[in-house]
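Enquirer: In numbering that gives the first Met the number 0, the protein residues as written are 0 to 346.
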Amino acid sequence: MITDRQKNILRLIIQEYTNTGTPVGSKKLMEEGIKSSSATIRNDMKALEEHGLLLKTHSSSGRIPSMDGYRYYVDHLLSPTEVEHDELETIRHSFGREFHEINDIIEQSAEILSNLTSYTAFSLGPEVKERKLTGFRIVPLNERQIIAVIVTDKGNVESQVFAIPASVSSQDLEKMTQIINDKLVGQPLLTVYHRLRTEIPMILHRYFQTPDGMMRLFDAMLGHAFEEKVFVSGRMNVLDFGLKEDINQLKSVYSFMKNTDALTHLLTTEDQEDSAIAIRIGSEIGNDLLDNMSMITATYEVSGHGKGTIALLGPTSMPYSKIFSLVDVFRDELASKLGAYYRFLDE
Numbered sequence: 000m001i002t003d004r005q006k007n008i009l010r011l012i013i014q015e016y017t018n019t020g021t022p023v024g025s026k027k028l029m030e031e032g033i034k035s036s037s038a039t040i041r042n043d044m045k046a047l048e049e050h051g052l053l054l055k056t057h058s059s060s061g062r063i064p065s066m067d068g069y070r071y072y073v074d075h076l077l078s079p080t081e082v083e084h085d086e087l088e089t090i091r092h093s094f095g096r097e098f099h100e101i102n103d104i105i106e107q108s109a110e111i112l113s114n115l116t117s118y119t120a121f122s123l124g125p126e127v128k129e130r131k132l133t134g135f136r137i138v139p140l141n142e143r144q145i146i147a148v149i150v151t152d153k154g155n156v157e158s159q160v161f162a163i164p165a166s167v168s169s170q171d172l173e174k175m176t177q178i179i180n181d182k183l184v185g186q187p188l189l190t191v192y193h194r195l196r197t198e199i200p201m202i203l204h205r206y207f208q209t210p211d212g213m214m215r216l217f218d219a220m221l222g223h224a225f226e227e228k229v230f231v232s233g234r235m236n237v238l239d240f241g242l243k244e245d246i247n248q249l250k251s252v253y254s255f256m257k258n259t260d261a262l263t264h265l266l267t268t269e270d271q272e273d274s275a276i277a278i279r280i281g282s283e284i285g286n287d288l289l290d291n292m293s294m295i296t297a298t299y300e301v302s303g304h305g306k307g308t309i310a311l312l313g314p315t316s317m318p319y320s321k322i323f324s325l326v327d328v329f330r331d332e333l334a335s336k337l338g339a340y341y342r343f344l345d346e
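The structure is reproduced here in structure tokens:
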């Protein structure tokens, strides 16, 4: 157990260290309002160090928080601050422009959050499983290239250029488009996914001499409809999180942040309560590359359209009270914007 004064000392050390990045000594704590002698404060700091909540960088230094110290602060001492009016106006103004599809809003949300904090921001939209495939078409570019356009009822549009194997004719493509529109358009994506594994291969065997090749083309074209898109903004901000001296770790972190599956797994942790804001520190993040960082993850819900996730990756010395409040307000603004867009689609 630690005393109330020691809790106050820990709180002030963490707040001061996140502001200045320098160790905090007893004199500074007296200036900040600890009404005890310098010797008493030093004894309390030593006790906190023995509890594993503070670290001493060298013999004559003040103290800095340990990972356990940050954890204790977040769990027991964190008091959210009020979001500044200018920040709230920036969020609302950024969301106020015209958007042409849902993914534009999700992508913009990561950019806004990264710009506000100078951290790395992640944004994952409402679950794909809630969507239906509402449109599919093929646009020829030349004799051997096409653009496949996929549309869902939640305002998502995916398009990608594909090279067509020499064995596939224009008639084959027309038949393929007909099959997709007859059998898959109008169906929930989960049904589409199931039929691609069961019904569609049997149909292809009836219509095509090389059904395996056509099946690969089906999978390639429709596969993007099932992907959870994680938008990342501020990747290079990790340079400010203490990675400058380790170029190999920097490269690994940067590569990791391009891995959609790994990011989706990182952002959708099972132990996070619905609509909760979770703060993971160091090894709690679950990835060795991020052991010297902290991640704040928040879920939001758009009524009738599922849940999404936003997250911030930053240094362990982030100002938790401010960032917690900012993320809380931000997720509400994002959910409101997405809700308004979905209502516009339904009109």
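Quick reminder that beta carbons are idealized off the backbone N, C-alpha and C, glycines included.
Since the model is a prediction, treat every value here as computed from it, not as a measurement.
Taking only three categories from DSSP, how would you classify GLU83?
Expert: coil
Enquirer: Quick check on the DSSP output: the alpha helix (DSSP H) that includes ALA46 runs from which residue to which?
Expert: 37-49
Enquirer: Do VAL191 and LEU221 count as a contact pair if the criterion is CB distance below 8 Å?
Expert: yes
Enquirer: Between ILE163 and chain D, is any beta-carbon pair separated by less than 8 Å?
Expert: As a matter of chain content, chain D is missing from the structure shown, which is built from one protein chain.
Enquirer: Assuming MET44 and LEU53 make a contact with CB atoms under 8 Å, what is their CB distance in whole Å?
Expert: 6 Å
Enquirer: Any idea which residues DSSP pairs LEU216 with across the strands?
Expert: Per DSSP, LEU216 has no beta bridge partner at all.
Enquirer: Is the distance from the Cβ of ALA162 to the Cβ of ARG136 below 8 Å?
Expert: no
Enquirer: At which residue ranges does the segment 113-160 contain complete beta strand (DSSP E) runs of 3 or more residues, listed in the order of the chain?
Expert: 119-123, 132-139 and 144-151
Enquirer: Of all the options ASP245, ARG279, ASP239 and VAL229, which has the alpha carbon lying nearest to the alpha carbon of MET256?
Expert: VAL229
Enquirer: Would ARG351 and ALA297 qualify as a contact pair, given that the criterion is a beta-carbon distance under 8 Å?
Expert: Residue coverage of the chain in this structure runs from 0 to 346, which leaves residue 351 outside it and unanswerable.
Enquirer: Could you tell me which of ARG205, ARG130 and LYS174 sits nearest to LYS306, measuring between CA atoms?
Expert: ARG130
Enquirer: Apply the 10 Å Cβ neighbour rule to MET201 and answer buried if 16 or more other Cβ atoms are within range, or exposed otherwise.
Expert: With fewer than 16 Cβ atoms within 10 Å of its Cβ, MET201 is classed as exposed.
Enquirer: Given GLU31, which residues of its chain have a CB within under 8 Å of its CB, disregarding the five upstream and five downstream residues?
Expert: LEU11 and GLU15
Enquirer: For the candidate residues VAL150, PRO314 and SER316, whose alpha-carbon lies nearest to that of ARG186?
Expert: First, the residue type needs correcting, since residue 186 is Gln and not Arg in the sequence shown. Comparing alpha-carbon positions, the option among VAL150, PRO314 and SER316 lying closest to GLN186 turns out to be VAL150.
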